[in-house]
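Enquirer: Numbering (my numbering), first residue to last: 175 to 426.
All residues carry an ideal CB built from backbone N, CA and C; glycine is no exception.
Here the structure is a predicted model, which is why all the values come from computation and not from measurement.
The structure under discussion is supplied below as structure tokens; questions concerning it will follow.
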């Protein structure tokens, strides 16, 4: 359905975004609360480099700005919403770049201790790539409100998913194992639920699914499945070591 036929606004949109933001903040608190406490009490596995500090603050900055932006749209303060959107662009760049380099630092540390941990590197790579891709497209489609906010939703879902996987992922992993589907369920159930909620919401409020979700959700899932396949491949560990600039014979 084209943008003319698809309603950009619905009276329930503000409620949907409020629920999405509340559940996202809960997932972040439940998933990252313990690591943050360890960090502030000096019990973390390693001292935080500057790039990790930047990533944490830019991540929380993105979520805070998103909360403000959703409030502004709900109050019909569209002009201010668009002005603040420029800040969102810079935050998206900061989240993507700092997230990638912070994870490289982290994986270099853990790869020296656990030879299999290199496989996990696929998970943060997925989050970084998907967040960056959808955030960029959201900026490019900022004049198309219906597309823009769904692209923002997809980008944020990719970022928030880590909170869910840290919160309940270990339990899911124990139930479903570490095979192809087990890894997928372990690390991506949170995002699948968010994608399902967005699709169902469009169907209930518009009678159809917006084109962004029609291609964006399958793309996100396809990349997840590709990541699970890569996790279990024989070629990923040596390639991952090369990407991390680790010696071929080094642990990890």
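Count Cβ pairs between the segment 331 to 345 and the segment 204 to 213 that sit closer than 8 Å; are there 3 or more?
Expert: yes
Enquirer: For residue 231 and residue 224, what's the separation of their Cα atoms in angstroms?
Expert: Locating residue 231 in the chain shown gives position 57, where the first residue counts as 1. Locating residue 224 in the chain shown gives position 50, where the first residue counts as 1. Answer to the nearest angstrom: the Cα atoms are 11 Å apart.
Enquirer: Using the three-state DSSP reduction, which class does residue 199 fall into: helix, strand or coil?
Expert: Here the question's residue 199 lines up with position 25 in the chain shown. The answer is helix: DSSP assigns residue 199 an H, G or I state.
Enquirer: Enumerated in chain order, which unbroken segments of the alpha helix (DSSP H) with a length of 4 residues or greater are wholly contained in the segment 260 to 330?
Expert: 296 to 314
Enquirer: Which value, in whole angstroms, describes the spacing of the CA atoms of residue 273 and residue 226?
Expert: Mapped onto the chain shown, residue 273 falls at position 99. Mapped onto the chain shown, residue 226 falls at position 52. Approximately 7 Å, taken between the alpha carbons.
Enquirer: As a quick exercise: from 328, 300, 301, pick the residue whose alpha carbon is nearest that of residue 439.
Expert: There is simply no residue 439 to check, as the chain begins at 175 and stops at 426 in what is shown.
Enquirer: Counting only the same chain and skipping the five closest in sequence on each side, list residues whose C-beta sits under 8 Å from that of residue 188.
Expert: Taking the chain shown and counting its residues from 1, one reaches residue 188 at position 14. Correct list, in chain order: 244, 247, 248.
Enquirer: Could you have a look at residue 409 and say whether DSSP puts it in helix, strand or coil?
Expert: Mapped onto the chain shown, residue 409 falls at position 235. DSSP places residue 409 in coil when its eight states are reduced to three.
Enquirer: Determine contact between the segment 362 to 370 and the segment 390 to 409, defined as no fewer than three beta-carbon pairs at a distance below 8 Å.
Expert: In the pairwise beta carbon analysis, the segment 362 to 370 is classified as touching the segment 390 to 409: at least three pairs are separated by under 8 Å.
Enquirer: Are the segment 231 to 242 and the segment 265 to 285 touching, with three or more C-beta to C-beta distances below 8 Å?
Expert: Output reads yes: the segment 265 to 285 touches the segment 231 to 242.
Enquirer: Does DSSP put residue 391 in a helix, a strand or coil?
Expert: Stepping through the chain shown from its first residue, residue 391 is reached at position 217. In this structure, residue 391 counts as helix in the three-state DSSP scheme.
Enquirer: Just confirm the distance between the C-beta atoms of residue 325 and residue 311, as a whole number of angstroms; I'd bet it's less than 8 Å.
Expert: If you number the chain shown from 1, residue 325 lands on position 151. If you number the chain shown from 1, residue 311 lands on position 137. Indeed they touch by this definition, with Cβ atoms about 5 Å apart.
Enquirer: Would you kindly work out how many angstroms separate the C-alpha atoms of residue 359 and residue 391, rounded to a whole number?
Expert: Counted from its first residue, the chain shown places residue 359 at position 185. Counted from its first residue, the chain shown places residue 391 at position 217. Going by the C-alpha atoms only, they are around 16 Å apart.
Enquirer: Measure the alpha-carbon distance for residue 161 versus residue 416 and round it to whole angstroms.
Expert: An answer regarding residue 161 cannot be provided, because it is not within the stretch 175 to 426 covered by the chain.
Enquirer: Count Cβ pairs between the segment 375 to 389 and the segment 339 to 358 that sit closer than 8 Å; are there 3 or more?
Expert: no
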